[in-house]
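**Q** I have a structure here, written as structure tokens, and I will follow up with some questions on it.
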Amino acid sequence: MSDSVLLLAFLTLALMCSLANSMRFELQSGHTKCISEDIKTNAMSVGKYSVVNPNEGYPIPDTHKVTVKVSSPHGNSYHYGDHVESGNFAFTAAEAGDYTACFWIPDSRAMPTVTVEFDWRTGVAAKDWSKVAKKGQVEVMEFELKKLYDTVQSIHDEMFYLRESLLEGFALDLPGHAHIWP
21 MSDSVLLLAF LTLALMCSLA NSMRFELQSG HTKCISEDIK TNAMSVGKYS
71 VVNPNEGYPI PDTHKVTVKV SSPHGNSYHY GDHVESGNFA FTAAEAGDYT
121 ACFWIPDSRA MPTVTVEFDW RTGVAAKDWS KVAKKGQVEV MEFELKKLYD
171 TVQSIHDEMF YLRESLLEGF ALDLPGHAHI WP
């Protein structure tokens, strides 16, 4: 019994760590940088981004504002920000696959290098659990159980997704094996 609890705790920690992507990157004028995230159907996804101000206390220069587009695997646009210094997006995935968030700065004479902070969360990590607890006035134990239940459900869904992907891979690979093994 204690081994299964330990395994569940380990899987929970591993899953929580893998579902949150927070980063800081540099973007040069005239270049594009895209980040992709494999998201399952009906999974919640939230993100926020902001340009780091090179001159604290002063407004961000126009040359440091970015254009951002978040799109689905089939090219559907979920968010678009043109010439912005920060923004947020949230959506529930309508299709499974690699969603992309692309950042770019139009080519300019100043040729600035801009630092962008980007936080993208999906699945269980996308839910704001602190607001859930405040709204419902739930006990601490109930709150933890809801988090664990969602994590277990996410692990369960991920296992079926991976199994389905593996079976698709085998189905594509079987005709090749027929020629190798008589």
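For the numbering used here, count along the sequence shown from 1 and bump the result up by 20. Just so it is clear, CB atoms sit at the ideal spot from N, CA and C, and this is done for glycine as well.
Under 8 Å between the Cβ atoms of V86 and Y98?
**A** Here the question's residue 86 lines up with position 66 in the sequence shown. Here the question's residue 98 lines up with position 78 in the sequence shown. No. Outside cutoff.
**Q** Locate the beta strand (DSSP E) running through G50, then write down its first and last residues.
**A** Position 30 of the sequence shown, counting from 1, holds the residue named residue 50. Element bounds for G50: n/a, residue is neither H nor E.
**Q** Are the CB atoms of D58 and D139 nearer to each other than 8 Å?
**A** As a first step, residue 58 must be located in the sequence shown, where it is residue number 38. As a first step, residue 139 must be located in the sequence shown, where it is residue number 119. No.
**Q** Output the distance between the C-alpha atoms of E182 and Q173, rounded to the nearest integer angstrom.
**A** Indexing the sequence shown from 1 puts residue 182 at position 162. Indexing the sequence shown from 1 puts residue 173 at position 153. In the sequence as presented, Glu is not what sits at residue 182; that position holds Leu. Whole-angstrom Cα-Cα distance: 14 Å.
**Q** Here's the rule: buried if 16 or more other CB atoms are within 10 angstroms of the residue's CB, otherwise exposed. What is F180?
**A** Position 160 of the sequence shown, counted from the first residue, corresponds to residue 180. Exposed, since its Cβ has fewer than 16 Cβ neighbours within 10 Å.
**Q** For a test of the three-state rule: what should DSSP assign to K166, helix, strand or coil?
**A** Residue mapping note: residue 166 aligns to position 146 of the sequence shown, counting from 1. Helix.
**Q** Kindly indicate which residue of G77, N75, S92, H84 has the alpha-carbon position closest to the one of V136.
**A** Sequence index remark: in the sequence shown, residue 136 carries index 116 (1-based). If we check each option's Cα against that of V136, H84 comes out closest.
**Q** Span of the beta strand (DSSP E) holding M64?
**A** Position 44 of the sequence shown, counted from the first residue, corresponds to residue 64. Unbroken beta strand (DSSP E) run through M64: 64–71.
**Q** Quick check on DSSP: helix, strand or coil for H121?
**A** Here residue 121 corresponds to residue number 101 of the sequence shown, with the count starting at 1. It should be noted that the sequence gives Ala, not His, for residue 121. Looking at A121 - three-state DSSP - the assignment turns out to be strand.
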